[in-house]
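Chemist: Residue numbers are given in full-length UniProt numbering: position 229 of the sequence shown equals residue 229, and the series is strictly consecutive. The beta-carbon is built from N, C-alpha and C at its ideal position, and this holds for glycine as well.
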Amino acid sequence: MTDFSQSFYWETLPLRGARCRLDAIYARVLRDFQGQAEVAQLLGEVLVGLALLATTQKNYERLIIQAQSKGPLKLLVAEMTAAGGMRAYGSWEEGVSVDLSQLPDALLAITIDMGMDRDRYQGLVELRDSLTLSLNAYFAESVQSPAYFRLVADPSLQQAGGYFLQRLPGVLAEEDWELATQFIAVGSDQSLLKAHPQQFLPEIFPDSAVRLHEPQALSFACSCSREKVERMLISLGSAEAEDTLRSEGAIVVTCEYCQEVYRFDEADVALLFAPEHALH
């Protein structure tokens, strides 16, 4: 498989982690992206962060990482389903340099949607100077468990991947935690992406065996559909739909994630608001 996530743990230590590789998903997200190169890199990083975060969750329907501010960062969002479908979108004000450290009132939100009409869980943290620091802060503040992320994204090569470590409840010396994070931190991005965990993870704690779970296959998947757009138009009401028809000649909606175009002409709108259609 080309795109995947894989979790691992140490048998005798309160320590677990995960790795992922998302080249095909990242390439698909970048295919229609027209923004700044720095935002393209952030798209890869948020996808990697989400894939790694998902390895810590069970019984969810959808996970979402979303960052936005009252400044030039309009929206940075990635979504993942339990089946491994991923998508992402980012928008930054044109002509303004991409710098997370200079954003006013910037927040990072992690949403866990359990589905089946169950309550959503959402954790909020202040957006730090990088997505890596922001995710580390989320685990420290919301999960109350130290974590370390290393996110790699190269838009020019269309490569994305990374590693994640989480310190679990139990006895683990501070110097051992620092040792583990340093193993993930050192080395070039390319060496990290190419390395197999069995090549270097056993070196961190030779006296504790590392166990790898089976990898989960991941892929690009967008949940947009004509039916969802129809429901959106119905919620706006016939008056607004007819106003748009008169001024534009048709209603055209483009999905921000996959660039799928949904077009509704006069006949489509008339059918949409017909009494027999509303019954369904």
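Residues in its own chain within less than 8 Å of V171 by CB, not counting five upstream and five downstream?
Modeler: Around V171: P14.
Chemist: Tell me which residues share the same chain as E141 and place their Cβ nearer than 6 Å to its Cβ, disregarding the 5 neighbours each side in the sequence.
Modeler: Excluding its 5 nearest sequence neighbours in each direction, E141 has C-beta neighbours in its own chain below 6 Å: V125, listed in chain order.
Chemist: Looking at the secondary structure, which residues open and close the beta strand (DSSP E) in which Q68 lies?
Modeler: 62 to 68
Chemist: Could you tell me which of N136, V46, S97, G84 sits nearest to K58, measuring between CA atoms?
Modeler: G84
Chemist: Check for me: the beta strand (DSSP E) holding P44 runs from which residue to which?
Modeler: The identity of residue 44 in the sequence shown is Gly, whereas the question assumes Pro. It is not in any beta strand (DSSP E) - G44 instead sits in the alpha helix (DSSP H) that spans 37 to 54.
Chemist: For A109, which beta-bridge partners are listed by DSSP?
Modeler: Q66, L124
Chemist: Should the region 44 to 57 be regarded as contacting the region 191 to 201, the criterion being three or more beta carbon pairs within less than 8 Å?
Modeler: no
Chemist: L100 and L63 - do their beta-carbons sit closer together than 8 Å?
Modeler: no
Chemist: I'd like the ranges of any alpha helix (DSSP H) spanning at least 4 consecutive residues and lying wholly in the region 133 to 205.
Modeler: 174 to 185, 189 to 194, 197 to 204
Chemist: Whole angstroms are fine: how far does the CA of S91 sit from the CA of K70?
Modeler: Spanning the two alpha carbons is a distance of roughly 13 Å.
Chemist: If you follow the alpha helix (DSSP H) that L271 is part of, which residue opens it and which one closes it?
Modeler: 266 to 272
Chemist: Could you tell me which residues DSSP puts in a beta bridge with G118?
Modeler: It is worth fixing the name first, because residue 118 is Arg in this sequence and not Gly. Looking at the DSSP assignment, R118 forms no beta bridge with any residue, so it has no partner.
Chemist: Cβ of A185 within 8 Å of Cβ of M1?
Modeler: no
Chemist: Look at the alpha carbon of F139 and the alpha carbon of L165, and state the distance between them as a whole number of angstroms.
Modeler: 11 Å
Chemist: With distance defined between alpha-carbon atoms, name the residue in D32, A67, P72, I112 nearest to T132.
Modeler: Among D32, A67, P72, I112, the Cα nearest to that of T132 belongs to A67.
Chemist: Mind checking S7: buried by the 16 CB within 10 Å criterion, or exposed?
Modeler: buried
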